[in-house]
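Taking our numbering, the leading residue of the sequence shown gets 6, the next gets one more, and so forth.
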Amino acid sequence: MATEPETVTSKPEPYRHFLIVVRPTQSHINPARHLAYRLLSIIPSCHVTISTGISAHRQLFPSLSDPDEEITVRQVSFIPYLDGIDAGSSIQDRVERMKKMKTINRKSLSSVIDRLAELGRHVTCIIQALFLPWVVDVALSYGIPSILYWIQPAMVLSIYYHYFNGYDSIILSHKDDQDFTVSLQGLFPLKICDLPSFLTITSDDHPHYKIIGEFRAIFESFDRIKNATGLKPKILINSFEALDAGVLPSMENYFELYTIGPLIQTLEKDNDEKNNDMFKMDDENKYMKWLDSKPERSVVYASFGGLTAVSKRQLEEVQLGLKESKLPYLWVVRKNSRVEGLVLEEDSSNGIIVEWCDQVKVLSHPSIGCFVTHHGWNSTLESLMCGVPVVGVPQWSDQPTNAKMAKEIGIGVRGEVSKEEGVVLGS
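Have a look at this one:
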């Protein structure tokens, strides 16, 4: 007797809902969006929700009738948590916002998780960005796995790990000797001037003094994860193995690391994402037409990001250097980065100054020959992927380390800081 053929049934995809919790700043929201779209490309059936502070949510989606209204853009839902801070544009506001992160009401994120569950979209994994260690406690209270999204290179993660595990005394005892060299496992030799700036700040009068405590809190949250679960903390790193090949094996005993980069904006992103930028201005047509008129690899592009506080003296020297180069230049100076008394003189015959630009679109333009950058990690990755050499003028945080990496891998040089002036001179 003939037997009936067996019916092969495919197993249904397991339900996955990733909740990405991020600080209310553009430099952290953009990497979160890129991660969200990467997750959707890898696991098309998954759900992804990004939760940022309501102050940023209002800026991202100003047309919402209700400031905490959920909105979906390209399959990614955005729902805010209460950060207790009104939207502000000054650098000092953002520093204060960072200091207050520990006191954010955890109940707000819990209410987001509960709200999603009521909608039939229970969260299966929480991914928290930097400076949100309190998210770990919320995740543990729900029994939801959590993963840190590290938006700096693995090298910087390693430096902080060593600093908090015995190297702080060595670094601090030589903090005033910028040429003193530190040797850390898996890393090329680093001078004090190459380390993240927060490691050598010891004066409580310094506006960034408490930030090292925020990093310490991140590493303390790792201990809470290990104690509660018995597992190594999981970390997603916006980098790739070829770039961080030396450091990754040296960290495997402490963390479960996943390199998922480079996660950067693509030229193919749709208009919805382009429009959801907290600093977008309406001068794209102006600067793109201007770039179209310039010869290949002739233009110097200069930008120092949205969160970097650049001194008036340094901005003056950048302006001087751009003018004296005699090369065409496109310089981005956002309103919130401008300082009192600085006079910006646009040389209409040779350069233009704008408040915002689509950076990947600019770096991908054939007329761009050089990028003068603060070396934020997003900008460093974008210049690397677009094949544009860089001149580094790092200001703070991980930027000095990123500039050192760029020099070591041969994609750029670091501007030399004048010992007398304390800035990179323009001539």
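No residue lacks a Cβ here, since even glycine has one placed at the ideal position from N, Cα and C.
Note that the structure is predicted; figures quoted are calculated from it, not measured.
- In this model, L262 and L253 are separated by some 8 Å (Cα to Cα).
- If you look at K328, you'll find it in the alpha helix (DSSP H) that goes K317 to E329.
- Proximity of the stretch 236 to 245 to the stretch 142 to 157 meets the contact definition, three or more beta-carbon pairs being nearer than 8 Å.
- Annotation for S82: the continuous beta strand (DSSP E) segment containing it runs V81 to F83.
- Among the bridge pairs identified by DSSP, A307 is matched with W336 and V377.
- The bridge partners DSSP lists for E261 are K239.
- Counting only residues of its own chain and dropping the five nearest sequence neighbours on each side, L121 has a CB closer than 8 Å to the CB of H22, L24, T54, I84, H127 and V128.
- Boundaries of the beta strand (DSSP E) around L24: H22 to V27.
- Straight-line measurement puts the Cα of I230 at about 11 Å from the Cα of V140.
- DSSP, read as helix, strand or coil, puts G171 in helix.
- For the 9 Å CB-CB criterion, A41 and V81 form a contact.
- Per DSSP, the unbroken beta strand (DSSP E) holding S56 starts and ends at H52 to T57.
- By the Cβ-count criterion, S308 is buried, with 16 or more other Cβ atoms from all chains shown falling within 10 Å of its own Cβ.
- The secondary-structure analysis by DSSP pairs C130 across a beta bridge with F23.
- As a beta-bridge residue in DSSP terms, G397 pairs with T378 and R419.
- In the three-state reduction of the DSSP assignment, W361 falls in the coil class.
- By DSSP's assignment, T77 forms a beta bridge with S82.
- In the structure shown, Y214 falls within a coil segment according to DSSP collapsed to helix, strand and coil.
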